[in-house]
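**Q** According to my numbering, the sequence shown holds residues 1349 to 1499 in order. Glycine included, every Cβ here is placed at the ideal spot set by N, Cα and C.
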Amino acid sequence: MTKPDPIPARLAALKTTSTPDLKAQWRDLFETEPPPFNRRYLESRLAYRIQELAYGGLKPETIKRLEALGEQLDGGNITTRRIRADRDRPITGTRLIREWQGAEQVVTVLQNGFEWQGRPYQSLSAIARAITGTRWNGWVFFGLKNHRRAA
């Protein structure tokens, strides 16, 4: 007799799991700090990661094929290509929160950039520099990318 697959039950449990527990699962499954995104994002990425670890992820050939299809669809349009390249970019409207020297810094993700203290910025790095006075990778500063991991 075969054992039932525990993955569907694990995925269903994500809906009723507390946010702190979702973040703990994130740390376990991704070995990074969870991003400051909304709960729905955490649930969906955790669900994908659970399945990826259990059943395997996309093969490199599949990823290349999907990229090639994307190139065909956008006809080489640089703007569309950037959107595709930014697939890890937070959803428009997401608020990124970072404490720096005792002050909470809040950045809102816009469709074509970011907003901090009521001013638009093209990059998170520019905002991180304005906050700290030094050069930073904005994705690392706001916890969206682990500086120890290769991208």
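1) Roughly how many angstroms lie between the CA atoms of GLU1463 and GLU1381, to the nearest whole one?
2) Using the Cα positions of ARG1437 and ALA1402, report the straight-line distance between them to the nearest angstrom.
3) Helix, strand or coil, according to DSSP, for GLU1463 in the structure here?
4) Just reading off the beta strand (DSSP E) that GLN1290 is part of, what are its end residues?
5) State the Cα-Cα distance for the pair LEU1359 and PHE1378, rounded to the nearest angstrom.
6) Should GLU1400 be labelled buried (16 or more other beta-carbon atoms within 10 Å of its own) or exposed?
7) Whole angstroms are fine: how far does the CA of GLY1491 sit from the CA of PRO1383?
8) Note the first and the last residue of the continuous beta strand (DSSP E) segment covering TRP1448.
9) Does the structure place the region 1475-1488 close enough to the region 1359-1372 that three or more beta carbon pairs sit under 8 Å?
10) What does the alpha-carbon distance come out to for the pair GLU1415 and ILE1439?
11) Please name the residue, chosen from LYS1493, ASN1460, THR1456 and GLU1452, that lies closest to THR1480 on a Cα-to-Cα basis.
12) Quick one: residues in its chain with C-beta nearer than 8 Å to the C-beta of TRP1448, no 5 flanking neighbours on either side, listed in chain order?
13) Can you give the Cα-Cα distance for GLU1419 and ASN1386, rounded to whole angstroms?
14) Per DSSP, TYR1396 forms a beta bridge with which residues?
15) Helix, strand or coil: how does DSSP classify PRO1384 here?
**A** Well, looking at it:
1) Working through the sequence shown from its first residue, we reach residue 1463 at position 115. Working through the sequence shown from its first residue, we reach residue 1381 at position 33. Approximately 23 Å, taken between the alpha carbons.
2) Locating residue 1437 in the sequence shown gives position 89, where the first residue counts as 1. Locating residue 1402 in the sequence shown gives position 54, where the first residue counts as 1. A direct Cα-Cα distance of roughly 25 Å separates ARG1437 from ALA1402.
3) Taking the sequence shown and counting its residues from 1, one reaches residue 1463 at position 115. If DSSP states are grouped into helix, strand and coil, GLU1463 belongs with the strands.
4) Since the displayed the chain opens at 1349 and closes at 1499, residue 1290 lies outside it and no answer follows.
5) Within the sequence shown, the letter at position 11 stands for residue 1359. Within the sequence shown, the letter at position 30 stands for residue 1378. Roughly 16 Å separates the two Cα atoms.
6) Translated into the one-based positions of the sequence shown, residue 1400 becomes position 52. With fewer than 16 other Cβ atoms within 10 Å, it is exposed.
7) Taking the first residue of the sequence shown as position 1, residue 1383 is located at position 35. Taking the first residue of the sequence shown as position 1, residue 1491 is located at position 143. Each residue's CA atom was taken as its position, placing PRO1383 and GLY1491 some 6 Å apart.
8) Within the sequence shown, the letter at position 100 stands for residue 1448. Under the DSSP assignment, TRP1448 falls in the beta strand (DSSP E) whose first and last residues are 1443-1448.
9) Output reads no: the region 1475-1488 does not touch the region 1359-1372.
10) Residue 1415 sits at position 67 when you count from the first residue of the sequence shown. Residue 1439 sits at position 91 when you count from the first residue of the sequence shown. For GLU1415 and ILE1439, the distance between alpha carbons rounds to 21 Å.
11) Residue 1480 sits at position 132 when you count from the first residue of the sequence shown. Closest option to THR1480, Cα to Cα, is GLU1452.
12) Counting from one through the sequence shown, the residue named residue 1448 turns up at place 100. Excluding sequence neighbours, TRP1448 sits near ILE1479 and THR1480.
13) Counted from its first residue, the sequence shown places residue 1419 at position 71. Counted from its first residue, the sequence shown places residue 1386 at position 38. Their Cα atoms are separated by approximately 30 Å.
14) For the purposes of this step, residue 1396 is taken as the residue at position 48 of the sequence shown. As computed with DSSP, TYR1396 is found in no beta bridge at all.
15) For the purposes of this step, residue 1384 is taken as the residue at position 36 of the sequence shown. Secondary structure at PRO1384: coil, using DSSP grouped into helix, strand and coil.
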